[in-house]
Structures are given as structure tokens and as C-alpha cells.
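In what follows, a single structure is set out as C-alpha cells and then discussed.
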Amino acid sequence: MVGADGLHSGVRRLAFGPESAYVTHLGYHLAGWDLPNDLGAGPVPRQYNVPGRMASVAADQREPDRATALVVFASPRQDHDRLDLDRQKALVADAFAGLGWHVPRLLAALRDAPELYFDAIARVGVPRWHAGRAVLLGDAAWGVTLGGMGVGTGLVGAYVLAGELALAGGDHRVALPAYERRMRAYAGRWQRGASPGRFLAPATGWGLWLRDRLLAARPVQSLLVRSTGSLATEADLPDYAARV
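Residues in the sequence shown are numbered consecutively from 416, following my numbering.
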């Protein structure tokens, strides 16, 4: 049984225990919703910050007459029904009430939005990814909301899991520990560092000023591009097809 069902994995809960044992809240929430692009937004997101809050809007590249709003805000852990759309909208509206820029227009669109992506920015830490015939993959095992490369590392993990199962002739007692040994260091590289929320919505005016100055510096820009590229391309993956 493979638990590849995300940060709030039901398989992980059933096979390994409650979510509270493995998911750490990192002090922020994020939300996203669609709206008509009557603000003239382009494909590059336009961003507005005050301490502890960030709002952005960008055109949908497939439908330029539509746009997507994304907000990030500092907030303690919220214990509410994850399917309660009205409660989630209220949390966003309260967090961004009274702000300028395009925020009032974004919040007006939020009231009528039929769908909303809302979640905590959190980090998953599971001491052991397999138990018996159950194994965790992707965000269920090593996720970090925003910047955790969950899709990319999940694809790598699926390749390794399938390859190790093939090498072991389907023997999960051999394949699952081998999969975990190979993936631990690679997936762990994406989990290091501070909360992405602290970068997107620094808690102080000084933090905002420092982030903007750093991002404007060409050496920092080059370092970010190089480090992301190396993390994405330096995985040493076996050619399982050649070995089976």
C-alpha cells in the first residue's frame, strides 16, 4: 500500500499514526483563488507586502481574462474543518482587512469564489517511511508546503520505489528499506531552511527591507538559480531498467 496522498495523508494516519505526530506548523497559512482579470494582471505575479502578510495576483497563462490570487499570512495553527469553505474565507478576510493596493478587489472576488485552496505552511517529518507492506511517498513522507518540490521529488521517489521493487523481485522486505535509504538524503535536502512564509511575508518591516535588498542583488539571484538547478539535477539515480 503506497501513501502518496499529500501533506494530510490518510494512509499515513491509518498506517503510522495521527497527523499531529508528523506535521509541524511553520507559523503561516496560504490561500489561492481564481477571479476575473479586470485588474490587468500579467503573467508575472504582482506582489504587495506588509509585515506578516503578502498578497499577489497574476494572469492565468491559459486564460488571460482570468487571474489567480495568492496570499500568505502569519497565523497560529488553526483547528477547523478543512472542508469548511466559509471559515477559511473568513480567516483570509480577517487577516487582510483594511489593506490597500488591490487587496479589497481580491477579497471581493474571494467572497464569491466557488473554490479556494487553503492550507497551513507546514513540514512533514516521519522517522520511518515504511511499516510492513505500507510505504509513504512524496509529500506524505517528506513534504514542505511551498518550495518543498513535492511533485518533482514525488516523481523521483516513485521511480526509485518501483525500481527497488523490481530489483527485489517484489519482496517488500528488501525493497522498502532500500527505497528509503536511497531517498532520505535527497528528499531531506528540500526540507532544510526556515519556513517559506518567513521569506514571502517577513514579520517585520526590517525583514521586508532586507529580503528586497537581497533579491535585488545579482550575486544572490545567481546563487538562487544555481542552487535550485543543482538540487534538481544532482540526484544519482540508478538505471533500474538496465539492472533488472
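Where a beta carbon is used, it is the ideal one built from N, C-alpha and C, also for glycine.
With DSSP run on the structure shown, which of helix, strand or coil describes residue i?
i	result
G569	helix
D449	strand
Q476	coil
Y581	Note on residue identity: the sequence assigns Ala, not Tyr, to residue 581. In this structure, A581 counts as helix in the three-state DSSP scheme.
A456	coil
V559	strand
G418	strand
V635	helix
V383	As displayed, the chain neither begins before 416 nor continues past 659, which places residue 383 out of reach and without an answer.
Between residue i and residue j, is the Cβ-Cβ spacing less than 8 Å?
i	j	result
V589	A581	no
Y443	V486	no
H517	V472	yes
A446	Q503	yes
V575	L652	yes
L450	A524	yes
E595	W544	yes
M469	Q476	no
A508	L522	yes
W605	E530	no
Let me see if you follow: with CB-CB separation under 8 Å, is residue i close to chain C or not?
i	result
L561	Checking the listed chains, one finds no chain C in this structure; it contains a single protein chain.
Excluding sequence positions up to five away, which residues of its chain have a Cβ less than 6 Å from the Cβ of residue i?
i	result
A510	F488
F533	A446 and Q503
S490	H444
A602	W557 and T568
In the DSSP assignment, find the alpha helix (DSSP H) that holds residue i and state where it starts and stops.
i	result
V507	L500 to F511
L551	Per DSSP, L551 belongs to no alpha helix (DSSP H); it is in the beta strand (DSSP E), A549 to L551.
P519	V518 to D527
P592	H587 to R604
R427	G425 to F431
Y655	Y655 to R658
G620	G620 to A631
G612	P611 to L615
Per DSSP, which residues does residue i bridge with? Please list them.
i	result
Y443	A489 and I536
A484	W448 and V472
R461	V472
For residue i, collect the residues of the same chain with a Cβ closer than 7 Å to its Cβ; drop the 5 residues on either side in sequence, then sort them by chain order.
i	result
N452	A474, P479, D480, R481 and A482
R548	M416 and H587
I536	L441, Y443, H444, L445, T560, L561, S610, P611 and G612
G540	Y437 and T439
M564	W605
Quick one: what's got a C-beta closer than 8 Å to residue i's C-beta in the same chain, skipping five residues either side?
i	result
G569	A419, L552, G553 and D554
A456	V472, A473, A474 and A482
L625	P617
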